[in-house]
Amino acid sequence: MSFKLLFKQKWLPIAVAALLMSIFLSFVSPAFLTLTNFESVLVQASVTAIMAVGMTFIIILAGIDISVGAILFFVSSLFAQTLNTTGSVALAFSAAVISGCLLGTVNGLLIVRFKVTPLITTLATYTIYRGMALHLTSAQNIPVPREIGWMGNGSFLSIPVPVWWMLVFTVIGIYLLSQTRFGIYCKAIGCSAQSAKESALPINRVNILAYAIGGLCAAVAALILIARVGGLQSGIGIGLEFTVIAAVILGGTKLSGGSGSVAGSVIGAIFLVLIDNGLNLFNASPYIYDIVRGFVLIVAVLVDRVSVIKNQPNALKFKTSSEGN
Amino acid sequence: MKAFKKLVILALLSASLLGQWVMAKEIRIGLAVDQLFESRVAENNAIKAAAKKRGFQIIEVVADGDAQTQNAQIQSLISQRVDAILVCAVDQNTINGALMRAQRARIPVIAYDRKLPNERVYQAYVGPDSVQDGFLAGQHMVKQLKDHSGEILVLELLGALNDQNGIDRSKGFQQALQALPNAKIISVPTDWDSAKALAATQNAFQANPSIKAVFAATDTQIPSIETVLIGLGKAHPVGHPKHIVVTGVNGSNDGYQATKKGFADGIVVMNLDQIGEKSIALAEKLIKKQKVEKNHVVAGYFYHSGNIVKNKDKIWGAGQ
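In order, the protein sequences belong to chains A and B.
Take any residue in the first sequence, note its place counting from 1, add 6, and you have its number in my numbering.
Take any residue in the second sequence, note its place counting from 1, add 176, and you have its number in my numbering.
Given below as structure tokens:
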């Protein structure tokens, strides 16, 4: 990759921000620059990062899915309940993954068939999916055996399994977005749905597929999380959708759609984990966590805006035509 | 004259029937719940059992963490003319208006589990003695660590910083730890979220590998602590010289299982049955226009790996 091309990458600002923060943390905390801490950061970021991969496609399509946290909760509930009832790990895994895809597909179908805005649709399904999960579990915590925890706690070739999952999803996501027709269609539809319609692009199918991918990512993230936490808890996934959306936006994906980067979303997720990691390593007062999180996010957004202005000097001026990408 | 007699008899009969109807009118209590999770369900079940014992009907509404929804639900309970309202607030300020309306409608309000800042909008409060609960857990930790010399690092996993029960548990725990002058407490917020607790524990052990003890504001986070300590090769059972002391508050199955297998040292169990019983007893008194005291806190009880079997029946989450 040439330098000129590198400077055009959407993930560059967040990568620079993450790098600067890592340098700062390595100076102030000797524990930061260790292999185990690096591993911890990646493992902690894996759940958000995998969900952010799915969310990237949805946001590029100018959509949003605020039900992903509820999908994660439902999938975790179904997994724990199936495992406890049948004792079959294979059945529980299959039920979890299939249900994640199905719930995502339902979101997509509702959006394209009834032409309701994604925000309202997924707000409604958020409530339904959470309600279904609470009904399924009667709001009880369900432990899962430690033996099946390999998905969240195991390692393969000395690399933690959640990091493998994150890598696999990132690579597939990058490939789908940059090398396939689906990725090109996502960008085109997100840029201008009207033009995409006039060009006879399969808008509905692409939308449904993107939401299904979002559901699948939430399902895999759920399996990692439940394995790591050691069981199902009824608060699981609450507010996670906003962390995921923040990671995607920080990673350079435009909330208005049409452009984005899977790698950026993953780095965004890592960046968010770095903030808490740094605060924990400092033994910071618990009362300053929110202030620091907010402050660092503003700095990251400013870094992003500066890079946009540098690349497009007219970016802050009134736009007369929609930006293509 | 005959007609007059008939009229008097009819009037007396009607009055008697009306009296019987009033006497037999079922007492209905509105239960406005913040959201459903394991301990809240157990607490609500205790309230329902106490109400059933007295023949009261419970109308339960759940806000699922949404303060506006809870506000509307309380207004709906007022419209249904319930005899009393038991409320566990999502956000005390948002529901203030609805609770004022309940006062104007002369419907007594009992806050349970979460105290309300505006004392004019409720008649009584019943909830756990969170300061004492935190203190009991801290006291046991002090006992386990008192023979250690040098600085003793203790990790405290806080609940939510805007939740009074979480704040009070921390207050009680820190009061107890004052008995160990060489203890240094590292407090990290978790928002009651086990995933955050897991990350915080992992990070804290990275920065401070010599942590000797962990206090969890809720014992549902103990499996997360276990995940981290297993990963670090530090999950030694109680009695092992390298054992890391783990205590918490709540009384869930997670804490019970962890203590039973010797990973956790002991847990303070909230006395949910008594909270449920007291809530309904207070509601009954208030409906009968009797005077009651404003604040009622119920202390929990501590169990540890040594007396867990004896105390199983008292642990509301055990065996779930």
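All residues carry an ideal CB built from backbone N, CA and C; glycine is no exception.
It should be emphasised that the depicted structure is a prediction, and the values quoted were computed from it without experimental measurement.
By Cβ distance below 6 Å, which residues in the same chain neighbour residue i in space, the five residues on each side in sequence not counted?
i, result
"P293 (chain B)", "Q268"
"Q62 (chain A)", "Strictly speaking, residue 62 (chain A) in this sequence is Thr, with Gln absent from that position. V254, T259, G266, V268 and S271, listed in sequence order."
"Q239 (chain A)", "N147"
"Y132 (chain A)", "I72, S73 and A76"
Could you spell out where the beta strand (DSSP E) holding residue i opens and where it closes?
i, result
"A389 (chain B)", "I387 to A392"
"P365 (chain B)", "A359 to P365"
"I271 (chain B)", "Where I271 (chain B) is concerned, there is no enclosing beta strand (DSSP E), given that its DSSP letter is neither H nor E."
"I235 (chain B)", "Q233 to V238"
Return the first residue and the last residue of the alpha helix (DSSP H) that residue i is part of.
i, result
"H480 (chain B)", "Unbroken run through H480 (chain B) is the beta strand (DSSP E), Y477 to H480; no alpha helix (DSSP H)."
"Q49 (chain A)", "Correcting the residue type first, residue 49 (chain A) is Val in the shown sequence and not Gln. Looking at the DSSP string, the run of the alpha helix (DSSP H) that includes V49 (chain A) is L41 to I66."
"V103 (chain A)", "V95 to F120"
"N341 (chain B)", "Q340 to L353"
"S198 (chain A)", "First-last for S198 (chain A): undefined, no H or E at that position."
"P417 (chain B)", "From DSSP, P417 (chain B) is part of no alpha helix (DSSP H); its letter is neither H nor E."
"F213 (chain B)", "Here F213 (chain B) belongs to no alpha helix (DSSP H), and DSSP marks it neither H nor E."
"S400 (chain B)", "I398 to G407"
"D430 (chain B)", "N429 to K436"
"P83 (chain A)", "Note on residue identity: the sequence assigns Ser, not Pro, to residue 83 (chain A). First-last of the alpha helix (DSSP H) with S83 (chain A): V74 to T92."
Using three-state DSSP, classify residue i as helix, strand or coil.
i, result
"G137 (chain A)", "helix"
"H324 (chain B)", "coil"
"Q239 (chain A)", "coil"
"R204 (chain B)", "strand"
"P36 (chain A)", "coil"
"N331 (chain A)", "For N331 (chain A), the predicted structure reports a pLDDT of 37, less than 50, and the residue's modelled location is therefore unreliable. A value from the coordinates is still provided. Coil."
"K14 (chain A)", "coil"
"E295 (chain B)", "helix"
"I244 (chain A)", "coil"
"L334 (chain B)", "strand"
"L142 (chain A)", "helix"
"G258 (chain A)", "coil"
"V198 (chain B)", "Low confidence applies to V198 (chain B): its pLDDT is 47, below 50, so where it sits in the model is not reliable, and the reading given next is rough at best. Note: V198 (chain B) maps to helix in three-state DSSP."
"R277 (chain B)", "helix"
"T123 (chain A)", "coil"
"G189 (chain A)", "helix"
"P292 (chain A)", "helix"
"L458 (chain B)", "helix"
"S205 (chain A)", "coil"
"Q256 (chain B)", "coil"
"D395 (chain B)", "helix"
"E453 (chain B)", "helix"
Less than 7 Å between C-beta atoms, sequence neighbours within five positions excluded: which residues of the same chain meet that for residue i?
i, result
"A227 (chain A)", "V53, I56, M57 and L78"
"L405 (chain B)", "A411 and I420"
"A102 (chain A)", "V81, L84, F85, A225, A228 and L229"
"E153 (chain A)", "none"
"L182 (chain A)", "F188 and G189"
In terms of DSSP beta bridges, what is residue i paired with?
i, result
"Y288 (chain B)", "B:V302"
"G442 (chain B)", "B:T423 and B:H480"
"V263 (chain B)", "B:A208 and B:A287"
"S161 (chain A)", "A:P166"
"V474 (chain B)", "B:P304"
"P149 (chain A)", "A:G237"
"L231 (chain A)", "Note: L231 (chain A) sits in no beta bridge, so no partner."
"L329 (chain B)", "B:K360 and B:I387"
Between residue i and the rest of its own chain, which residues show a CB-CB distance below 8 Å, the 5 nearest in sequence each way excluded?
i, result
"T176 (chain A)", "A55, V59, V268, A269 and V272"
"E295 (chain B)", "K470"
"N483 (chain B)", "none"
"A239 (chain B)", "A208, V209, D210, Q211, T245, Q246, Q249 and V266"
"G571 (chain B)", "Only positions 177 to 496 of chain B appear in this structure, which leaves residue 571 (chain B) out of reach."
"K16 (chain A)", "G257, G258, T259, S265, G266, S267 and G270"
If you measure beta-carbon to beta-carbon, which residues of the region 207-225 of chain A are closer than 8 Å to chain B?
none
Beta carbons nearer than 7 Å to chain A: which residues of the region 352-371 of chain B have them?
Within the region 352-371 of chain B, the residues whose Cβ lies closer than 7 Å to some Cβ of chain A are I362, S363, V364, P365, W368, D369, S370 and A371, listed in chain order.
What are the residues of the region 232-256 of chain B that lie near chain A, defined by any Cβ-Cβ distance shorter than 8 Å?
D240 and G241
Got a sec: which bits of the region 296-325 of chain B sit with their beta carbon under 9 Å from any beta carbon on chain A, in order along the chain?
Contact annotation: in the region 296-325 of chain B, no residue has its CB less than 9 Å from a CB in chain A.
By the 8 Å beta-carbon criterion, what residues does the region 384-415 of chain B contribute toward chain A?
N384, T396, P399, S400, E402, T403, I406 and G407
To be precise: take each residue of the region 199-220 of chain B, compare its Cβ to all Cβ atoms of chain A, and keep it if any distance is under 7 Å. Which residues remain?
L212, F213, E214 and V217
Taking beta-carbon pairs under 8 Å, can you tell me which members of the region 158-192 of chain A lie near chain B?
Those residues of the region 158-192 of chain A that come within reach of chain B (Cβ to Cβ, closer than 8 Å) are G158 and N159.
Give the residues from the region 419-439 of chain B that approach chain A closer than 7 Å (Cβ to any Cβ), ordered along the chain.
So the close ones are S428, N429, D430 and Q433.
Between the region 117-137 of chain A and chain B, which residues of the former have a C-beta closer than 9 Å to a C-beta of the latter?
Answer in chain order: T133, R136 and G137.
Which residues, taken in chain order from the region 286-297 of chain A, show a beta carbon closer than 9 Å to some beta carbon of chain C?
In the structure shown, chain C cannot be found, because the protein chains are A and B.
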